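Visitor: Protein chains in written order, with numbering that gives the first Met the number 0: chain V, 0 to 336; chain F, 0 to 336.
Number of protein chains: 2
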Amino acid sequence: MTSRNLTKGKSHANTEKLITESDLIARILSGTEKMHSRILIGPGDDSAIFENKKTAISTDLTIENVHFCRNWVNLDEVGYRAVMVAVSDLAAMASNPFGVLISLALPEENAVRITEELGDGIRRALRKIGATLIGGDLSRSPGPIIIDVVVLGEINDLITRRGIRPGDDIWVTGVLGGSSAAVKTWLAGGVPENGLRETFAKPPFRVREAQWLVKNAGIRTMIDLSDGLLRDLSHLAQASKVGIVLESDVIPLHPDLDVDDALSLGISGGEDYELCLVSKKGALDPFLEKFRDEFDISMTKVGYVEKGSEVRVVGEYSTSLMQQNVSGFDHFSPWRV
Amino acid sequence: MTSRNLTKGKSHANTEKLITESDLIARILSGTEKMHSRILIGPGDDSAIFENKKTAISTDLTIENVHFCRNWVNLDEVGYRAVMVAVSDLAAMASNPFGVLISLALPEENAVRITEELGDGIRRALRKIGATLIGGDLSRSPGPIIIDVVVLGEINDLITRRGIRPGDDIWVTGVLGGSSAAVKTWLAGGVPENGLRETFAKPPFRVREAQWLVKNAGIRTMIDLSDGLLRDLSHLAQASKVGIVLESDVIPLHPDLDVDDALSLGISGGEDYELCLVSKKGALDPFLEKFRDEFDISMTKVGYVEKGSEVRVVGEYSTSLMQQNVSGFDHFSPWRV
Numbered sequence: 000m001t002s003r004n005l006t007k008g009k010s011h012a013n014t015e016k017l018i019t020e021s022d023l024i025a026r027i028l029s030g031t032e033k034m035h036s037r038i039l040i041g042p043g044d045d046s047a048i049f050e051n052k053k054t055a056i057s058t059d060l061t062i063e064n065v066h067f068c069r070n071w072v073n074l075d076e077v078g079y080r081a082v083m084v085a086v087s088d089l090a091a092m093a094s095n096p097f098g099v100l101i102s103l104a105l106p107e108e109n110a111v112r113i114t115e116e117l118g119d120g121i122r123r124a125l126r127k128i129g130a131t132l133i134g135g136d137l138s139r140s141p142g143p144i145i146i147d148v149v150v151l152g153e154i155n156d157l158i159t160r161r162g163i164r165p166g167d168d169i170w171v172t173g174v175l176g177g178s179s180a181a182v183k184t185w186l187a188g189g190v191p192e193n194g195l196r197e198t199f200a201k202p203p204f205r206v207r208e209a210q211w212l213v214k215n216a217g218i219r220t221m222i223d224l225s226d227g228l229l230r231d232l233s234h235l236a237q238a239s240k241v242g243i244v245l246e247s248d249v250i251p252l253h254p255d256l257d258v259d260d261a262l263s264l265g266i267s268g269g270e271d272y273e274l275c276l277v278s279k280k281g282a283l284d285p286f287l288e289k290f291r292d293e294f295d296i297s298m299t300k301v302g303y304v305e306k307g308s309e310v311r312v313v314g315e316y317s318t319s320l321m322q323q324n325v326s327g328f329d330h331f332s333p334w335r336v
Numbered sequence: 000m001t002s003r004n005l006t007k008g009k010s011h012a013n014t015e016k017l018i019t020e021s022d023l024i025a026r027i028l029s030g031t032e033k034m035h036s037r038i039l040i041g042p043g044d045d046s047a048i049f050e051n052k053k054t055a056i057s058t059d060l061t062i063e064n065v066h067f068c069r070n071w072v073n074l075d076e077v078g079y080r081a082v083m084v085a086v087s088d089l090a091a092m093a094s095n096p097f098g099v100l101i102s103l104a105l106p107e108e109n110a111v112r113i114t115e116e117l118g119d120g121i122r123r124a125l126r127k128i129g130a131t132l133i134g135g136d137l138s139r140s141p142g143p144i145i146i147d148v149v150v151l152g153e154i155n156d157l158i159t160r161r162g163i164r165p166g167d168d169i170w171v172t173g174v175l176g177g178s179s180a181a182v183k184t185w186l187a188g189g190v191p192e193n194g195l196r197e198t199f200a201k202p203p204f205r206v207r208e209a210q211w212l213v214k215n216a217g218i219r220t221m222i223d224l225s226d227g228l229l230r231d232l233s234h235l236a237q238a239s240k241v242g243i244v245l246e247s248d249v250i251p252l253h254p255d256l257d258v259d260d261a262l263s264l265g266i267s268g269g270e271d272y273e274l275c276l277v278s279k280k281g282a283l284d285p286f287l288e289k290f291r292d293e294f295d296i297s298m299t300k301v302g303y304v305e306k307g308s309e310v311r312v313v314g315e316y317s318t319s320l321m322q323q324n325v326s327g328f329d330h331f332s333p334w335r336v
């Protein structure tokens, strides 16, 4: 660190006068509904306090130039997406979000405008999910916009990644590959089609679907598709010490994908935030029509569980291609398309 | 963002092979005790799940070149400090920590070494506070090391910043100004005395003290001293719509402070992480000796509550100096000494 930066860190009177942590929270809160009944103490004290017997908690970082670029989407969309991506982990637990904490680190330049735009998106997301902002932190950033979102949800049933058995069916909601296709296009200097852009900017909210599947179809194992279908299936396989067969010919692909790389993106692009769930063989089939009627999204059987310890791709995708695609991927690098 | 950075973001095979999110969690977890009994599902699923009726939650960002520099302290100390600073908010609620989530964003260079060193400190802090690491997130950082720590604690009594009345006494634990004196010295290019450096690197853990004070002395109002005594008192005053008189001649100052700026740092330096608490007039005095015997730290009466809406400094500090010092401070700028 240079002394110039240090000096800069010490003197930014304009910013200080324009924005404080309580300002920030007040700005983000304005326009949201009253506090969720589980919240005993909201923002403004040392900690928030909530009342709930069993609670799911998850946290997700969104960092400028790692998870988004400012010339891809506007900051309202960034704020919305940061919350929805974090909530996706609760959806995989069929958990209803009630509280959110948001830590922001912002560059000094345009801090007020950035806060307002992010705040618009965050408020939109809070309304969408029905949760209350109960706390957070605010810091100066030495560079990128940094958003860490913590989500709290109610838990009725323990839905985990575990407990699947050979013979079980593997299902996914919605269509895959759209978000990673948008990122791929941006990284190549292009402008993605609107349908693809939207899947990046507006991750789906699948809590209602997850709870419906648990209640009506007895689903007990789910995961949200954040790392790409192939890698997320390997998480499932590892958790239950089984093998999984993925039938590449039936993967539900986003309709706007280019033919050339559609399957590759659908199978390993990541950041789809759809649900992947496991049912006993044939057990979900009787509920499919009702599910589609209720939610107007597709539900596709993409494979099955077998004895073993690997994810095998059958159909037009070769094993070698699978290995090449899946081996190096990790959260550490969100842009891997 | 330049295309060079984007390219860099796409290819870092060495790092990918060396570290993954599950690796990270495994590395941090290794050596920690078994999971706290409140944790139903720990790391490795989509969310963690815990069981607790009333829960305190707080979150604190630690960002390189904003909250620390690598040539000030080692990364083991950074990891320890990041957790302890977050836990300080729970101490102010007299809340016993049981769970922690840690989001890390790391530059690619030396990511494994950085993770191991931070992990050593994080583990030390977890052992110190008796809490379990139950989740988190891992991301690439485009520059600084970024750590967001979320702490969860049990709540028996609601201890807040509110409910103080004219006539009440204001107390602080320990001594003040040491941490900000260390930062001031570093920012000026010097090397702080070891006693000052330690107050920065090892924020105190005051949960036991807080719980003792609630149980034995009936304390109902506390705040942790993160923003500097003067500013934190103004938070207290605002929360209860009262005035506070601070007696500058009795502020307990760190013994290693330079005479010249000792009072200024003690009164407004910040990052002390001691407790500031409020008792009915005279109500805490009978418990002072027992408190000192039990915890071997000082407890000092530094002022009292009055009608009004401002914090007044009496003694050798003038009102004008107070105004100058307190007006611009905020979390947005941790280095304000």
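Using N, Cα and C, we set each Cβ at its ideal position, and we do this for glycine too.
Fair warning: this is a prediction, and the values are worked out from it, not measured in the lab.
Whole angstroms are fine: how far does the CA of I101(F) sit from the CA of T114(F)?
Guide: 12 Å
Visitor: In angstroms, rounded to a whole number, what distance separates the CA positions of A180(V) and V72(V)?
Guide: 15 Å
Visitor: Going residue by residue through the segment 272-316 of chain V, where are the continuous beta strand (DSSP E) segments of at least 3 residues, counting only ones entirely within it?
Guide: 274-278, 298-305, 310-313
Visitor: Taking 9 Å as the CB-CB cut-off, is T54(V) touching chain F?
Guide: yes
Visitor: Closer than 9 Å, Cβ to Cβ, to anything on chain F: give me those residues from the segment 130-156 of chain V, in chain order.
Guide: I133, G134, G135, D136, L137, S138, R139, S140, P141, G142, P143, I145, D147, V149, V150, L151, G152, I154
Visitor: Nearest by alpha-carbon distance to I387(V): which of I38(V), K279(V), S138(V), V99(V) is it?
Guide: The structure shown does not extend to residue 387(V), since chain V is modelled only from 0 to 336, so the question has no answer here.
Visitor: Under the three-state reduction of DSSP, which class applies to V149(V): helix, strand or coil?
Guide: In this structure, V149(V) counts as strand in the three-state DSSP scheme.
Visitor: Let's test the definition: count the other Cβ atoms within 10 Å of the Cβ of T198(F) and tell me whether it reaches 16, buried, or not, exposed.
Guide: The residue is buried, with at least 16 neighbouring Cβ atoms inside 10 Å.
Visitor: Please list the terminal residues of the continuous beta strand (DSSP E) segment that includes I133(V).
Guide: 131-139
Visitor: Is E76(V) close to chain F? Criterion is C-beta to C-beta, closer than 9 Å.
Guide: no
Visitor: Would you decide whether N109(V) is buried or exposed? Buried here means 16 or more other CB atoms lie within 10 Å of its CB.
Guide: N109(V) sits exposed, since fewer than 16 C-beta atoms from the chains shown fall within 10 Å of its C-beta.
Visitor: Using a cut-off of 9 Å between C-beta atoms, extract the partners of S267(F) located in chain V.
Guide: Within chain V, no residue comes near S267(F); the closest Cβ sits about 14 Å away, beyond 9 Å.
Visitor: With a threshold of 8 Å, are at least 3 pairs of Cβ atoms found where one atom belongs to the segment 266-280 of chain F and the other to the segment 214-232 of chain F?
Guide: yes
Visitor: What whole-angstrom Cβ distance do L262(V) and I243(V) have, given they're in contact under 8 Å?
Guide: That belief does not hold up - the Cβ atoms of L262(V) and I243(V) are roughly 17 Å apart, past 8 Å.
Visitor: Output needed for L89(F): all residues of its chain with C-beta closer than 8 Å, excluding positions within five of it in sequence on either side, in chain order.
Guide: So the qualifying residues of the chain are A55, S57, N95, P96, V150, G152, V206.
Visitor: Start and end of the beta strand (DSSP E) containing I99(F)?
Guide: It is worth fixing the name first, because residue 99(F) is Val in this sequence and not Ile. Segment 95-105, the beta strand (DSSP E) holding V99(F).
Visitor: Pull out every residue of the segment 84-98 of chain F whose Cβ sits closer than 7 Å to any Cβ of chain V, in chain order.
Guide: Hits within the stretch, in order: D88, L89, A91, M92, S94.
Visitor: Taking D248(F) as the reference, which of K279(F), V241(F), V312(F), V77(F) has the closest Cα?
Guide: V312(F)
Visitor: Are the beta-carbon atoms belonging to Y272(V) and P202(V) less than 9 Å from one another?
Guide: Yes; because the gap between Cβ atoms is below 9 Å, this pair is in contact.
Visitor: Candidates H66(V), D59(V), N51(V), E50(V): which alpha carbon is nearest W185(V)'s?
Guide: H66(V)
Visitor: Is there a C-beta anywhere in chain V that falls below 9 Å from the one on N193(F)?
Guide: no
Visitor: Kindly say whether L39(F), judged by its beta-carbon, lies nearer than 9 Å to any beta-carbon of chain V.
Guide: yes
Visitor: Is G43(V) near T131(V), with beta carbons less than 9 Å apart?
Guide: no
Visitor: Using CA atoms only, rank isn't needed, just tell me which of A104(F), L256(F), G78(F) is closest to G194(F).
Guide: Of the listed residues, the one whose Cα sits closest to G194(F) is L256(F).
Visitor: So what's M83(F) in DSSP terms, helix, strand or just coil?
Guide: Helix at M83(F).
Visitor: Compute the Euclidean distance between the alpha carbons of L235(F) and W211(F), then round it to the nearest angstrom.
Guide: 21 Å
Visitor: On the premise that A200(F) lies in contact with F286(F), defined as a C-beta separation below 8 Å, what is that separation, rounded to the nearest angstrom?
Guide: In fact, because the Cβ distance is near 31 Å, the residues do not count as touching under 8 Å.
Visitor: When Cβ atoms are compared, which residues of the segment 221-240 of chain V fall closer than 7 Å to chain F?
Guide: I222, D223
Visitor: So what's S46(V) in DSSP terms, helix, strand or just coil?
Guide: DSSP places S46(V) outside both helix and strand once states are collapsed to three, so it counts as coil.
Visitor: Name the one or two DSSP bridge partners that L252(F) has.
Guide: L175(F)
Visitor: Taking C-alpha atoms, which residue in L105(V), G177(V), A93(V), D59(V) lies nearest to M83(V)?
Guide: D59(V)
Visitor: Please identify the residue among R164(V), V301(V), V190(V), P141(V) whose C-alpha is closest to the C-alpha of V241(V).
Guide: R164(V)
Visitor: Excluding the five sequence neighbours on either side, which residues of its own chain have a C-beta within less than 6 Å of the C-beta of L17(V), listed in chain order?
Guide: Only weak support is given to the placement of L17(V): the predicted model assigns it a pLDDT of 44, under 50, and the question is left unresolved by the model.
Visitor: Which residue from M221(V), K306(V), V86(V) puts its Cα closest to that of T61(V)?
Guide: V86(V)
Visitor: 9 Å is my cut-off, CB to CB: does D45(F) come that close to chain V?
Guide: Residue-level contact check: D45(F) touches chain V, since one or more beta carbons of chain V fall below 9 Å from its beta carbon.
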